[in-house]
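Report on the structure given below.
Protein chains: 2
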Amino acid sequence: MTPNPVVVEVSRGDRVESFHRGAAVVVDARGIIIHTIGDTQRPIYPRSAVKPLQALPLVASGAADRFGLSLAELAIASGSHAGTADHLSVVEGMLRKAGSTPVQLECGTHRPFDEASSRDLDARGIQATPLHNNCSGKHAGFLCVARALDADPTGYTEPAHPVMREVAAALAATTGASHDTANRGTDGCSIPTFAIPLSAVATGFARLGTGTDLPDSLARAAARIREAVAAHPEMVAGAGRFDTRVNAAGGGAILCKCGAEGMGAAALPTLGLGIAVKIDDGASRAVEVVMARILGSLLRGTSEVDAVLDGLADQALQNWRGTVIGRVQATHHVGRTL
Amino acid sequence: MTPNPVVVEVSRGDRVESFHRGAAVVVDARGIIIHTIGDTQRPIYPRSAVKPLQALPLVASGAADRFGLSLAELAIASGSHAGTADHLSVVEGMLRKAGSTPVQLECGTHRPFDEASSRDLDARGIQATPLHNNCSGKHAGFLCVARALDADPTGYTEPAHPVMREVAAALAATTGASHDTANRGTDGCSIPTFAIPLSAVATGFARLGTGTDLPDSLARAAARIREAVAAHPEMVAGAGRFDTRVNAAGGGAILCKCGAEGMGAAALPTLGLGIAVKIDDGASRAVEVVMARILGSLLRGTSEVDAVLDGLADQALQNWRGTVIGRVQATHHVGRTL
């Protein structure tokens, strides 16, 4: 197997200290590959990068209409939130609308990604709950789908549960890849994650961005998810975090979602393109730099958008006294022009 | 350039999700290479992995004797501590003995690595200080050396300062590699870090473990640092952290120190060997697994030591509900027997 190319270099002084290999692919909405870097056919787990696809049944099942879900609620169902008070308030609102409660969440518990929120818990002597889990918005969406399907919500994270079957069907329809027991692993939040080619993830996002080749119900759901993310980028990640910064800068022209272990995916609706990136070693710092470079290459927009993307694709590294001691940069394999 | 081999695989379900490439080398005290994996001649920054070598002037300069430094103080000067109350108390004691104060520390500030200590700061409404920086023990040692050399301590982190010249000379003497402006970068704690071949790092640790080919003053200093780390492994990192667990299990037969960006180094005094590991992408999770596998291969000891090292070389991954969903494992390239 030929190793994937080096896509990110981390330098200190005038030397490369560490580097990241990976693969990336750009496809159009018919799944035609426009550009590839590295092996984009090896099955990879897309993890949380496909949350916007996993949220499609929330609209397509009728749950969003039945419970009157807001755009902020659809955005947080498509996101990995930071566990701030604002995020929790939106998730709790969704649960109430579906007649569900936080104890029904099966995502498990971790402390808020947002540092200030995490410290605030300690200052108030409060333990983190499943609501603080970055996936609780997605899981609240799953509980809404369970209610809309009149299914017992218990065990909604199990592969055979009606909700997970709807989600796997939406993933299969958008990506064109099979989602079955043979390629199934378990995600951090206990739902299945399916290993599929990176090119299939990109195809899923190209279709999410355009509705091309999707059944009407999924195409309409895709439009609602796009509208939600564009209206509430702060619900997809949180202040200062990559997905929120990129989606806010894009103003509807970018729908980007990263996930654990170096995964990233994006739709460029106005260009009809989908993008997927996987860093071999799973590094978040690397996928963000690569994604920013690809987005910036494809979507030369206003100077404000370009400045955000260029800044994310070539970042200064500071030490504990604030001295710039190196950089994190996309390499020429990613390139300024694809 | 041939890519380094895959040394660690991170699996989810029955598939490899992410993987890490890297290099490793085992040498004897004369610098003869016993075993290599990947490119061990490319210059790399050893970062905090060489703290035990950077601590040699603290003894060799006479500072340790003059200020009556304890073994705990020599251990924390060789370590990357977790910022617990116990760690801070030892660092403050060193500073007092040298007539120095925390405001003289030039390492910069970060929050304690130890989560409970970090939360305790918030609960008490206290800001982190340079004392909490994992390098403050090393820097307190530098201030002791400055005093012993009758040098103005201001700017002790600058390459031209007498303290940094002593440290660079000790690194050159032990590793056999040149340490000059041509291969100098700036470390996270503001002191110079010099890019040298991985094999030279291993040689430095083989000599640290044996005193072979070192001037008497450095050989005696090496013996004191070994004694200090063996007596106080909890000062080198902290409860539950890799270096502390490994050094405690080794009981003097292992002196292991990891650093940022996937660096690790170890001495096996009883075998007269030195080890160095660099993960290409800089991942801590990977260097720990590789180091544990190499240590376990070379040093089959009591069943207790073997159990600790085997457990660290092949770790279960759990999700947020505690379900085991994968593993982090050294590959056959590292191997059970070298």
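Chains as they are written, first to last, in numbering that gives the first Met the number 0: chain A, 0 to 337; chain B, 0 to 337. Glycine included, C-beta positions come from ideal geometry on N, C-alpha and C. Just so it is clear, the structure is predicted and the values come from calculations on it, not from any experiment.
Endpoints, alpha helix (DSSP H) assigned at residue i
{"i": "R11 (chain A)", "result": "Counting along the chain, R11 (chain A) falls outside any alpha helix (DSSP H), though it belongs to the beta strand (DSSP E) covering V5 to R11."}
{"i": "M290 (chain A)", "result": "S283 to L297"}
{"i": "S198 (chain B)", "result": "L197 to T209"}
{"i": "H138 (chain B)", "result": "S135 to A147"}
{"i": "R118 (chain A)", "result": "E114 to A122"}
{"i": "T173 (chain A)", "result": "P161 to T174"}
{"i": "G92 (chain B)", "result": "A84 to K96"}
{"i": "S77 (chain A)", "result": "Run containing S77 (chain A): none; DSSP gives neither H nor E here."}
{"i": "L213 (chain B)", "result": "Counting along the chain, L213 (chain B) falls outside any alpha helix (DSSP H), and DSSP gives it neither H nor E."}
Pairwise C-alpha distance: residue j and residue i
{"i": "I278 (chain A)", "j": "F241 (chain A)", "result": "16 Å"}
{"i": "H160 (chain B)", "j": "A54 (chain B)", "result": "16 Å"}
{"i": "L254 (chain B)", "j": "T211 (chain B)", "result": "16 Å"}
{"i": "N246 (chain B)", "j": "V228 (chain A)", "result": "49 Å"}
{"i": "I32 (chain A)", "j": "V24 (chain A)", "result": "7 Å"}
{"i": "F18 (chain A)", "j": "A259 (chain B)", "result": "14 Å"}
{"i": "D13 (chain B)", "j": "G325 (chain B)", "result": "8 Å"}
{"i": "E157 (chain B)", "j": "G187 (chain B)", "result": "13 Å"}
{"i": "T185 (chain B)", "j": "G334 (chain A)", "result": "28 Å"}
{"i": "L120 (chain A)", "j": "N133 (chain A)", "result": "16 Å"}
{"i": "A172 (chain B)", "j": "A199 (chain B)", "result": "11 Å"}
{"i": "F112 (chain B)", "j": "S88 (chain B)", "result": "16 Å"}
{"i": "G273 (chain B)", "j": "V307 (chain A)", "result": "46 Å"}
{"i": "I75 (chain B)", "j": "D179 (chain B)", "result": "27 Å"}
{"i": "L298 (chain A)", "j": "H332 (chain A)", "result": "18 Å"}
{"i": "E105 (chain A)", "j": "L142 (chain A)", "result": "10 Å"}
{"i": "E233 (chain B)", "j": "Y155 (chain A)", "result": "44 Å"}
{"i": "E287 (chain A)", "j": "D27 (chain B)", "result": "42 Å"}
{"i": "L73 (chain B)", "j": "S116 (chain B)", "result": "22 Å"}
{"i": "D280 (chain A)", "j": "H80 (chain A)", "result": "23 Å"}
{"i": "K96 (chain A)", "j": "G239 (chain B)", "result": "44 Å"}
{"i": "A22 (chain A)", "j": "Q40 (chain A)", "result": "10 Å"}
{"i": "E226 (chain B)", "j": "H138 (chain B)", "result": "20 Å"}
{"i": "T330 (chain B)", "j": "V15 (chain B)", "result": "11 Å"}
Within chain A, the residues that residue i reaches when beta carbons sit closer than 7 Å
{"i": "H109 (chain B)", "result": "W319"}
{"i": "R118 (chain B)", "result": "D121"}
{"i": "N132 (chain B)", "result": "W319"}
{"i": "Y44 (chain B)", "result": "R11 and E16"}
{"i": "E260 (chain B)", "result": "E16 and S17"}
{"i": "P2 (chain B)", "result": "P2"}
Enclosing beta strand (DSSP E) for residue i [first to last residue]
{"i": "M262 (chain A)", "result": "M262 to L267"}
{"i": "A275 (chain B)", "result": "L272 to I278"}
{"i": "A194 (chain B)", "result": "Counting along the chain, A194 (chain B) falls outside any beta strand (DSSP E), and DSSP gives it neither H nor E."}
{"i": "R326 (chain B)", "result": "V323 to A329"}
{"i": "T185 (chain A)", "result": "R183 to T185"}
{"i": "G397 (chain B)", "result": "Lying before the first or after the last residue shown, residue 397 (chain B) is absent from chain B, which here runs from 0 to 337."}
Chain-ordered chain A contacts of residue i [CB-CB under 8 Å]
{"i": "T185 (chain B)", "result": "R11, G12, N318, T322 and I324"}
Buried versus exposed, by CB contacts within 10 Å (16 or more), residue i
{"i": "R29 (chain B)", "result": "exposed"}
{"i": "T322 (chain B)", "result": "exposed"}
{"i": "P51 (chain A)", "result": "buried"}
{"i": "A122 (chain B)", "result": "exposed"}
{"i": "D149 (chain A)", "result": "exposed"}
{"i": "M0 (chain B)", "result": "exposed"}
{"i": "R46 (chain B)", "result": "buried"}
{"i": "A176 (chain B)", "result": "buried"}
{"i": "V7 (chain B)", "result": "buried"}
{"i": "V102 (chain B)", "result": "exposed"}
Beta-carbon neighbours of residue i, restricted to chain B and to distances below 7 Å
{"i": "D179 (chain A)", "result": "The contacting residues do not exist; D179 (chain A) stays about 13 Å from chain B at best."}
{"i": "A194 (chain A)", "result": "R14"}
{"i": "P152 (chain A)", "result": "Neighbours of P152 (chain A) on chain B: none; closest Cβ ~16 Å, over 7 Å."}
{"i": "C106 (chain A)", "result": "W319"}
Chain B residues whose Cβ lies nearer than 8 Å to that of residue i
{"i": "C255 (chain A)", "result": "What C255 (chain A) touches in chain B: nothing, since even the nearest Cβ is about 20 Å away."}
{"i": "S189 (chain A)", "result": "N318, W319, R320 and T322"}
8 Å contact criterion, which residue i and residue j should meet: CB distance rounded
{"i": "S60 (chain B)", "j": "E165 (chain B)", "result": "6 Å"}
{"i": "T243 (chain A)", "j": "G249 (chain A)", "result": "With a Cβ gap of about 11 Å, T243 (chain A) and G249 (chain A) do not count as contacting."}
{"i": "L197 (chain B)", "j": "I43 (chain B)", "result": "6 Å"}
{"i": "A275 (chain A)", "j": "F204 (chain A)", "result": "7 Å"}
{"i": "V9 (chain A)", "j": "R20 (chain A)", "result": "About 13 Å separates the two Cβ atoms, so there is no contact after all."}
{"i": "A62 (chain A)", "j": "A169 (chain A)", "result": "Actually they are not in contact, since the Cβ atoms of A62 (chain A) and A169 (chain A) sit about 13 Å apart, beyond 8 Å."}
{"i": "L270 (chain B)", "j": "A291 (chain B)", "result": "Contact doesn't hold; Cβ gap of about 16 Å is too wide."}
Beta-carbon neighbours of residue i, restricted to chain A and to distances below 9 Å
{"i": "H19 (chain B)", "result": "D279, D280 and G281"}
Distance cut-off 7 Å: residue i Cβ against heavy atoms of the ligand FAD
{"i": "I224 (chain B)", "result": "The model depicted lacks the ligand FAD and carries no ligand whatsoever."}
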